[in-house]
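Read the structure below first, then the notes.
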Amino acid sequence: MLSIFFSDLEGFTGISEGLEPEELTNLLNDYLTAMTDIIHEEGGTVDKFEGDAIIAFWNAPLEQPDHAARCVRAVLRCQARLAQMRPDFHKRLGKDLKMRIGVNTGHAVVGNMGSHSRFDYTMIGDAVNLAARLEGINKQFGLYTLISHTTMEQMAGAFPVREISRVAVVGRREPVVVYEPLLPEAIDAPKQAAMARFSEALSLFYQGNFDHAHTLFSGLAKEDAAAHAYVLKCNELIEHPPSDWQGVWIITTK
1 MLSIFFSDLE
11 GFTGISEGLE
21 PEELTNLLND
31 YLTAMTDIIH
41 EEGGTVDKFE
51 GDAIIAFWNA
61 PLEQPDHAAR
71 CVRAVLRCQA
81 RLAQMRPDFH
91 KRLGKDLKMR
101 IGVNTGHAVV
111 GNMGSHSRFD
121 YTMIGDAVNL
131 AARLEGINKQ
141 FGLYTLISHT
151 TMEQMAGAFP
161 VREISRVAVV
171 GRREPVVVYE
181 PLLPEAIDAP
191 KQAAMARFSE
201 ALSLFYQGNF
211 DHAHTLFSGL
221 AKEDAAAHAY
231 VLKCNELIEH
241 PPSDWQGVWI
251 ITTK
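Going by my numbering, the first residue of the sequence shown is number 1, and it counts up by one from there.
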């Protein structure tokens, strides 16, 4: 079993078009170095870089009983480090640099793969594909970090989370419950109260009570991108009520 990390910089293709090759290389190297240092400090293995994307995993080649907690800790540290670096990147780019991360824990094949003349130590499997999907699903909710239910269970309460949705992902038959992991110090009394209201609204959404859910989400939407996404979704479902509601948000894009 691996804990799998996929990250991608928001809108980086458009940002990079305005940079000279040397500027782009220097910026990417600064970013990738900072993120990779954290991944290695938390015992992760960097699988590969794909442009600005980082793919990494835990629990191989050496076993790590706390691999899920290590992975989520790395995720939260990477987001915090990027927040520290953001002012400098803004000076260089004229825009804020933000990163989306998806994490899943599951069984995958890991080892040396490739041809007889060239191979990589990498991973393949459905669990890997789901981690990649979760990275992209962040966009649906205006969020930047999502983990799967399996990761949440495997990290055994190492970090607080808030449940975000039950999603049906392209290419998978069973819905997946996804969560946003949080740093304990980020949860003050107002945040805790807002999380409780979000949870209540989410329960109503699952039950198909879209009008009441809409009211509660609307009260949170100004400060919470996920709540705003639910306001729009409730509007859609109120206007076009589903005939067989299962409490699942169907994701139609990868």
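In this text, a Cβ means the ideal position worked out from N, Cα and C, and glycines have one as well.
Enumerate in chain order the residues of its own chain whose CB-to-CB distance from residue i is below 8 angstroms, with the five nearest sequence positions on each side excluded.
i	result
residue 142	225, 226, 228 and 229
residue 6	53, 54, 55, 101, 102, 103, 131, 132, 134 and 135
residue 64	43, 58 and 70
Can you have a look at residue i and say buried or exposed, based on whether 16 or more other CB atoms are within 10 angstroms of its CB?
i	result
residue 4	buried
residue 164	buried
residue 21	exposed
residue 113	exposed
residue 29	exposed
residue 84	exposed
Taking 7 angstroms as the threshold (C-beta atoms), are residue j and residue i in contact?
i	j	result
residue 251	residue 169	yes
residue 57	residue 123	yes
residue 68	residue 154	yes
residue 194	residue 217	no
residue 90	residue 1	no
residue 128	residue 60	no
Tell me residue i's beta-bridge partners as DSSP assigns them.
i	result
residue 179	147 and 163
residue 106	2
residue 202	In the DSSP output, where bridge partners are listed per residue, residue 202 has none listed.
residue 45	57
Please list, in chain order, all residues of the same chain as residue i whose beta carbon is under 6 angstroms from its beta carbon, the five residues on each side excluded.
i	result
residue 16	24
residue 206	247
residue 212	204
Please report the Cβ distance between residue i and residue j, rounded to the nearest whole angstrom; I am assuming they are in contact, meaning their Cβ atoms lie under 8 angstroms.
i	j	result
residue 10	residue 98	4 angstroms
residue 137	residue 78	Contact doesn't hold; Cβ gap of about 18 angstroms is too wide.
residue 151	residue 72	7 angstroms
Checking contacts by CB at 7 angstroms: is residue i closer than that to chain C?
i	result
residue 98	The structure shown contains no chain C, having only a single protein chain.
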